[in-house]
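K.L.:
What follows is a structure written as structure tokens; I'll ask about it next.
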Amino acid sequence: MSAVAPEWVRPGPTVNPEGSRSARARLVTLALIPAVILAAMLGLTTGAVAMTPWDVLRILTGQLDDPFLHEVIFNLRLPRVLVAITVGAALAMSGVALQGLFRNPLADPGLIGVSAGAALGAVAVIVLGTTVLAPLVLPLGVLALPLAAFAGGLATTWLVYRLASRGGHTSVATLLLGGIAINAIAGAATGMLVYMADDQQLRTLTFWNMGSLAHAGWTLWAVSAGFVMLALAALPFIARALNGLMLGESVATHLGFPVHRIKTLVVITAALAVGASVAIAGIIGFVGLVVPHLLRLTIGPDHRYLLPASALGGALLLLLADALARVIVSPAELPIGLLTALLGGPFFLWLLMRQQGRLG
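Position 300 of the sequence shown, counted from 1, bears residue number 300 in the UniProt record's numbering, the numbering being contiguous throughout.
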């Protein structure tokens with residue numbers, strides 16, 4: 001008769017934490033898709049003109065022939081919803097990419113000066129586009145604003161990266177201090193341009209600097225969305241390389257990743273996405289910090305899942321924030337950049353204290 005091993009020495013069931021985490025990441029990503037659709041419907045029904053979801057669906061499908069409601073949906077709310085999705089996805093994915101590049105969850109397009117640099121380029125076009133910069137701006141037409149924002153964001157991103165990186169390592173202190181310095185310099189230069197602006201330009205810049213989707217339109221969205229989509233399409237292809245960079249540049253090199261090329265691609269794509277977003281909606285901060293960190297806590301640090309999930313999470317956050325901004329001080333409208341700052345500021349302080357607690 002064969003002996004039966006006691007229960008306490010029998011091998012337990014096979015556990016695969018990595019497989020469990022991957023399944024959860026896929027589930028969370030899939031769950032975000034209907035959430036974004038519902039938030040988009042909320043954006044289409046929210047505003048001064050009351051509409052039900054059924055009214056919106058009938059207008060979108062052509063079953064309801066109401067010229068006024070058709071104008072509200074197709075020329076006001078639909079482009080605004082698309083801009084919110086585009087900008088939210090761009091800022092969140094750029095935040096993920098920069099955090100992977102710097103190997104630090106505190107990296108954010110706004111904190112390290114990317115948004116300020118992009119804003120400086122865009123403000124220069126708005127204020128000087130008909131005078132000093134006219135020979136450059138006029139031939140580019142509607143492309144001038146997103147290209148200028150991209151150039152400003154690219155310059156500041158590259159400068160901060162060079163300041164913070166030494167010997168293959170990135171100094172968090174230098175990263176944050178460099179971002180503060182870049183924000184100060186770009187803010188001062190932007191202030192000088194604002195001082196030179198006329199009344200009409202000044203009014204535009206005041207609301208634009210606070211971040212707003214109020215002036216979202218089809219033309220600027222179509223042009224800028226092309227730049228954003230180009231950047232977002234490139235980022236998922238470097239997800240594995242970003243995973244390698246999280247282990248250090250030397251380890252990533254030994255694993256066979258072209259580290260220098262990957263770093264250059266991340267800097268360019270992040271600047272392109274953030275620059276185009278700033279050109280559309282102005283400065284909207286903390287989306288690239290809050291969304292990636294929350295999702296990293298939920299689904300883990302694997303960039304294969306974190307990048308697409310962050311794109312959906314950023315779109316969801318900005319759609320909900322925009323809907324809230326339209327009703328919180330109705331009939332007026334709160335600039336969405338102020339709302340995200342009210343949300344992101346305390347979150348950033350909590351994140352700093354959490355990081356300090358780990359070091360302690």
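Every residue gets a Cβ at the ideal spot worked out from N, C-alpha and C, and that includes glycine.
Quantities reported herein were computed from a predicted structural model and do not represent experimental measurements.
1. In chain order, what residues of the same chain have a beta carbon less than 6 angstroms from the beta carbon of Leu69, not counting five sequence neighbours either side?
2. Is DSSP giving Ala31 helix, strand or coil here?
3. Evaluate the contact criterion for the segment 74–93 versus the segment 305–323: three or more CB pairs, one atom per stretch, below 8 angstroms.
4. Could you give the first and the last residue of the continuous alpha helix (DSSP H) run that contains Ile59?
5. Near Gly152, which residues of its chain fall below 6 angstroms by C-beta distance, leaving aside the five closest residues on each side in sequence?
6. Using a 10 Å radius around the Cβ and a threshold of 16 neighbouring Cβ atoms, would you call Glu71 buried or exposed?
7. Cβ atoms of Arg77 and Gly47: under 8 angstroms apart, would you say?
8. Starting from Asp199 and walking both ways along the alpha helix (DSSP H), at which residues does that stretch end?
9. Could you give the C-beta distance for Ser22 and Val274, rounded to a whole number, given that I count them as a contact under 8 angstroms?
10. So what does DSSP say about His293, is it helix, strand or coil?
11. Could you give the residue range of the alpha helix (DSSP H) that holds Leu130?
12. Does any C-beta atom of chain C lie closer than 8 angstroms to the C-beta of Ala271?
13. Give me the residue from Val114, Leu32 and Thr130 with the minimum Cα distance to Ile185.
14. For Ser224, count the other beta carbons within 10 Å of its own beta carbon; 16 or more makes it buried, fewer makes it exposed. Which is it?
15. What does a CB cutoff of less than 8 angstroms around Pro13 pick up in its chain, not counting 5 residues either side in sequence?
16. Thinking C-beta only, is Leu111 closer than 8 angstroms to Leu176?
17. Between Thr204, Val96 and Trp218, which lies nearest to Met246 when the distance is taken from Cα to Cα?
18. By the three-class DSSP mapping on this structure, what secondary structure does Phe150 have?
19. Should Ala233 be labelled buried (16 or more other beta-carbon atoms within 10 Å of its own) or exposed?
20. Which whole-angstrom value is the C-beta distance of Ala271 and Leu349, which I expect to be below 8 angstroms?
21. Alpha carbons only, please: which of Thr45, Thr206, Asp55 and Trp158 is nearest the one belonging to Ala281?
22. For the alpha helix (DSSP H) holding Ser94, just list the boundary residues, first then last.
23. What does a CB cutoff of less than 8 angstroms around Gly179 pick up in its chain, not counting 5 residues either side in sequence?
24. Give me the Cα-Cα distance between residue 378 and Thr61, rounded to the nearest whole angstrom.
25. Can you give me the C-alpha to C-alpha distance between Ser2 and Ala239, rounded to a whole angstrom?
P.N.:
Walking through what the data contain:
1. Closer than 6 angstroms at the Cβ level, and outside the excluded window around Leu69, lie Ile59.
2. Three-state DSSP puts Ala31 in a helix.
3. Contact between the segment 74–93 and the segment 305–323 is present, because at least three Cβ pairs lie under 8 angstroms.
4. Element bounds for Ile59: Pro53 to Leu60.
5. The residues are Gly117, Ala118, Leu120 and Gly121.
6. Counting of Cβ neighbours within 10 angstroms places Glu71 among the exposed residues, the total staying below 16.
7. Their beta carbons are under 8 angstroms apart, which means Gly47 touches Arg77 by this criterion.
8. Membership of Asp199 in the alpha helix (DSSP H) is indicated by the continuous run Asp199 to Asn209.
9. The pair is not a contact, with the Cβ atoms about 29 angstroms apart (cut-off 8 angstroms).
10. DSSP, read as helix, strand or coil, puts His293 in helix.
11. Here the sequence assigns Thr to residue 130, which means Leu is not the residue at that position. That residue, Thr130, is in no alpha helix (DSSP H); it is neither H nor E in DSSP.
12. Among the chains of the structure shown, chain C does not appear; only one protein chain is present.
13. Nearest C-alpha to Ile185 among Val114, Leu32 and Thr130: Val114.
14. Per the 10 Å Cβ criterion, buried.
15. Its pLDDT being 45, under 50, Pro13 is placed unreliably by the model, and the measurement read from it follows with that caveat. Excluding sequence neighbours, Pro13 sits near nothing in its chain.
16. Going by C-beta atoms, Leu176 is nearer than 8 angstroms to Leu111.
17. Looking at Thr204, Val96 and Trp218, the one whose alpha-carbon comes closest to that of Met246 is Val96.
18. In this structure, Phe150 counts as helix in the three-state DSSP scheme.
19. Ala233 is exposed by the Cβ-count criterion.
20. Leu349 and Ala271 do not touch by the CB rule: their CB atoms are close to 27 angstroms apart, not below 8 angstroms.
21. Selected option, being the one with the closest Cα: Thr206.
22. Where Ser94 is concerned, the enclosing alpha helix (DSSP H) stretches over Leu78 to Phe102.
23. Counting only residues of its own chain and dropping the five nearest sequence neighbours on each side, Gly179 has a CB closer than 8 angstroms to the CB of Leu111, Ile112, Gly113 and Val160.
24. The requested residue 378 does not occur in the structure, where the chain is confined to residues 1 to 360.
25. For Ser2, the predicted structure reports a pLDDT of 47, less than 50, and the residue's modelled location is therefore unreliable. The matter cannot be settled from this model.
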